[in-house]
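These notes concern the structure reproduced below.
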Amino acid sequence: MKKFLGNKTFYLTTLSIALPIMAQQFVTSFVNLIDNIMIGSVGSLALTSVTVANRIYLIFNSTLFGICGAAGIFIAQYYGAKDHRKCQKILDINLACGLLVAIGFVIALLIIPRQLIEIFSSSQAVIDESMRYIQFAVLTYIPYAFSFSIMMALRAVGINKIQLVIGSITVLTNTTLNFILIFGHLGLPALGVQGAAIATSIARFLELGIYLVLLLRKKYLFTFSISGLLHLDVPLIRSMIKKAIPLTANEIFFSLGLSIIFLSYMRCNESLIPAISVVDTVMQIAYIIFSGLSSAVSILIGNRLGANQISEARDNAYKLIAFGVMIAIVIASIFVSIAPIIASFYNVEDIIKKTIVTLLTIKSCLLPVYCYNACVFFTLRAGGDTFSTMLMDSGFLWGAGVLISTVLSMFTNISLVYLFTIVEASDIMKLFIATYFFKKGRWAKNITTA
Numbered sequence: 001m002k003k004f005l006g007n008k009t010f011y012l013t014t015l016s017i018a019l020p021i022m023a024q025q026f027v028t029s030f031v032n033l034i035d036n037i038m039i040g041s042v043g044s045l046a047l048t049s050v051t052v053a054n055r056i057y058l059i060f061n062s063t064l065f066g067i068c069g070a071a072g073i074f075i076a077q078y079y080g081a082k083d084h085r086k087c088q089k090i091l092d093i094n095l096a097c098g099l100l101v102a103i104g105f106v107i108a109l110l111i112i113p114r115q116l117i118e119i120f121s122s123s124q125a126v127i128d129e130s131m132r133y134i135q136f137a138v139l140t141y142i143p144y145a146f147s148f149s150i151m152m153a154l155r156a157v158g159i160n161k162i163q164l165v166i167g168s169i170t171v172l173t174n175t176t177l178n179f180i181l182i183f184g185h186l187g188l189p190a191l192g193v194q195g196a197a198i199a200t201s202i203a204r205f206l207e208l209g210i211y212l213v214l215l216l217r218k219k220y221l222f223t224f225s226i227s228g229l230l231h232l233d234v235p236l237i238r239s240m241i242k243k244a245i246p247l248t249a250n251e252i253f254f255s256l257g258l259s260i261i262f263l264s265y266m267r268c269n270e271s272l273i274p275a276i277s278v279v280d281t282v283m284q285i286a287y288i289i290f291s292g293l294s295s296a297v298s299i300l301i302g303n304r305l306g307a308n309q310i311s312e313a314r315d316n317a318y319k320l321i322a323f324g325v326m327i328a329i330v331i332a333s334i335f336v337s338i339a340p341i342i343a344s345f346y347n348v349e350d351i352i353k354k355t356i357v358t359l360l361t362i363k364s365c366l367l368p369v370y371c372y373n374a375c376v377f378f379t380l381r382a383g384g385d386t387f388s389t390m391l392m393d394s395g396f397l398w399g400a401g402v403l404i405s406t407v408l409s410m411f412t413n414i415s416l417v418y419l420f421t422i423v424e425a426s427d428i429m430k431l432f433i434a435t436y437f438f439k440k441g442r443w444a445k446n447i448t449t450a
C-alpha cells in the first residue's frame with residue numbers, strides 16, 4: 001500500500017504541475033458546455049448537425065494528438081537530459097507535421113464535404129445544416145494545428161501557467177462571439193450554427209497569434225522561425241518516426257473506432273443523438289484530471305527517465321495512478337448528483353433530457369476506471385512504449401467497443417441506452433490489459449540514449 005502513497009512534497013509537486021493545466025481545461029470545457037447549451041437552444045437539429053460535423057474534427061484532433069504525443073515523449077526526455085537544442089528541433093518537426101495534416105483535412109473538406117458528412121448521417125436536414133457549419137469551421141484547422149503543437153511542447157517541459165491565460169482568452173472570445181453571432185446581437189443577423197463556426201475560427205486565429213508572439217519574443221524555452229520549418233533534423237525525424245507511427249496510428253484508429261460506435265448509436269436511435277452530444281461535452285469537464293495527470297506524468301516520469309532516474313520514475317508512476325483514481329472518485333460523485341440539473345438547461349424534448357441524465361450517470365460511475373486506464377496510457381507513452389499503448393487503446397476499442405456496437409446495432413433491436421452501457425462498461429476489461437502492460441515494465445527506459 002505504501003508504494004501507492006506519496007509524501008507531502010510529491011503531492012505538492014504534482015498539483016503545481018497539474019493544476020494550471022486542469023484549470024485551463026476546466027475553463028475550456030466549461031465554456032464549451034455553455035456553447036453547447038447555446039447551440040442546443042437553437043434546437044435539436046442544430047445540436048445534432050454540429051455533433052455530426054465535429055466527428056471529422058475529432059479524427060483530425062486525434063491525429064494531431066498522436067503526432068504531438070510522440071514529440072512530447074522526446075521533448076520531455078531531452079529536457080530531462082538538459083538538451084534544449086534538441087527540444088527546439090523536435091518542436092519544428094512537430095509544427096511541420098501538424099501543418100501537413102491540417103492542409104490534408106482542409107483540402108478534403110473543401111473538395112468532398114458532403115460525402116464526408118454522409119458517412120455519419122443519412123438525414124438530409126442534418127447534412128445541409130452540417131454543411132453550413134463546416135463551411136466556416138474548416139478555417140480553424142490550420143491555426144489549431146500550430147497552436148496545439150506549441151501548447152503540447154510547452155506542457156512537456158512543465159510550462160503551464162501561460163497556457164491557462166491564453167486558453168482563457170481564447171474560450172472567452174469564442175463564447176462572446178457565439179452569443180453575438182448565433183443569436184444575432186449588436187445589430188448582426190442570427191447565424192445559428194454558422195455563427196458558432198465563425199466564432200470558433202476567429203478565436204483560433206487569436207490563440208495562434210498570441211502563441212506566435214510569445215515564441216518570437218523568445219519568452220520561453222522555444223522559438224518560432226520559418227527557417228526552422230524548412231531545415232528539419234532528418235536523423236531526429238527517423239528516431240521520432242519509430243515512436244510516432246504507432247502512437248499516431250493509435251490515435252487515428254481510436255478516433256475512427258469512436259466514429260463507428262457513433263454510427264451504431266445513430267443506427268439505434270438518431271433522435272437521441274443530442275443526448276450523446278451533451279454527455280460528451282459535459283464529461284470533458286470531468287476529464288480535466290486526464291490533462292493534468294498527462295502533464296504530471298510528462299514531468300515526474302518522462303523527465304526522470306530522460307535523466308536516467310528509472311527507479312524514481314517507477315515509484316512516481318504508482319503514486320500518480322493512485323492519486324488520479326482518488327480524484328476521479330470524488331469528481332464522479334459530484335457529476336452523478338448534478339446530472340438532472342445539467343439536463344434541465346437544454347431546450348430539448350423530455351425524452352432527451354431523461355436520456356442525458358441516464359448516460360451521464362453511467363459515464364460518471366465509470367470515471368475511476370477511465371482514469372486508471374488513462375494514467376497507464378500516459379505512463380507507457382512517457383517511456384516510449386508506444387506499441388503497447390496502441391494495443392491497449394485502439395486495439396482494445398476495435399476488438400471490444402466497435403465489434404460489440406456494430407453487431408448489436410445491426411442485428412438486434414437493442415436500445416441506445418443499453419448499447420451505450422455495454423460499450424462504456426467494456427473499459428473494465430481494458431483495465432486488466434492496461435495493468436499487464438504497466439507491470440511488464442517496457443516503458444521504464446531512457447530513449448534519449450537509445
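1 is the number of the first residue of the sequence shown in this note's numbering; add one for each residue after it.
The beta carbon of each residue, even a glycine, is placed where N, CA and C say it ideally should be.
On a predicted model such as this, the values are computed, not experimentally measured, just so you know.
Distance, L154 Cα to Y211 Cα = 11 Å
What is the DSSP secondary structure of E349, counted as helix, strand or coil?
-> coil
Look at the Cβ atom of L95, then the Cβ atom of S62, and state whether they are nearer than 8 Å.
-> Not a contact, by the Cβ cut-off of 8 Å.
Inside the region 214-250 only - beta strand (DSSP E) runs reaching at least 3 residues | none
How is K319 classed by DSSP in three states: helix, strand or coil?
-> Correct three-state label for K319: helix.
Report buried or exposed for N413, applying the criterion of at least 16 other Cβ atoms within 10 angstroms of its Cβ.
-> exposed
Smallest Cα separation from L236: which of Q88, T200, C268, L116?
-> For L236, the closest of Q88, T200, C268, L116 by C-alpha to C-alpha distance is Q88.
In the DSSP assignment, find the unbroken alpha helix (DSSP H) run with F74 in it and report its ends.
-> Membership of F74 in the alpha helix (DSSP H) is indicated by the continuous run 44-80.
Please state whether DSSP places A400 in a helix, a strand or coil.
-> In this structure, DSSP gives A400 a helical state, which the three-state scheme calls helix.
Let me know the secondary structure DSSP gives S311 once reduced to three states.
-> helix
Residues in its own chain within less than 7 Å of V279 by CB, not counting five upstream and five downstream?
-> I356, L359, L360, K363
Backbone CA spacing between L408 and G401 [nearest angstrom] = One C-alpha to the other measures close to 11 Å.
Pull up the distance between the alpha-carbon of S121 and that of R55, whole angstroms please.
-> 11 Å
Determine the DSSP secondary structure at D427, reduced to helix, strand or coil.
-> helix
Have a look at L100 and I93 and give me their C-alpha separation to the nearest angstrom.
-> 11 Å
Uninterrupted alpha helix (DSSP H) stretches inside the region 350-419 (no shorter than 4 residues) = 350-365, 367-382, 386-390, 403-411
Are A434 and V376 touching if we call contact CB-CB under 8 Å?
-> Contact flag set, yes.
Through-space distance from I285 to Q25, alpha-carbon basis = Roughly 7 Å between the two C-alpha positions.
L293 vs G324 beta-carbon contact at 8 Å = yes
Count the C-beta pairs between the region 187-204 and the region 332-339 that are closer than 8 Å, then say yes if the count reaches three, no if not.
-> Contact fails: fewer than three Cβ-Cβ distances are below 8 Å.
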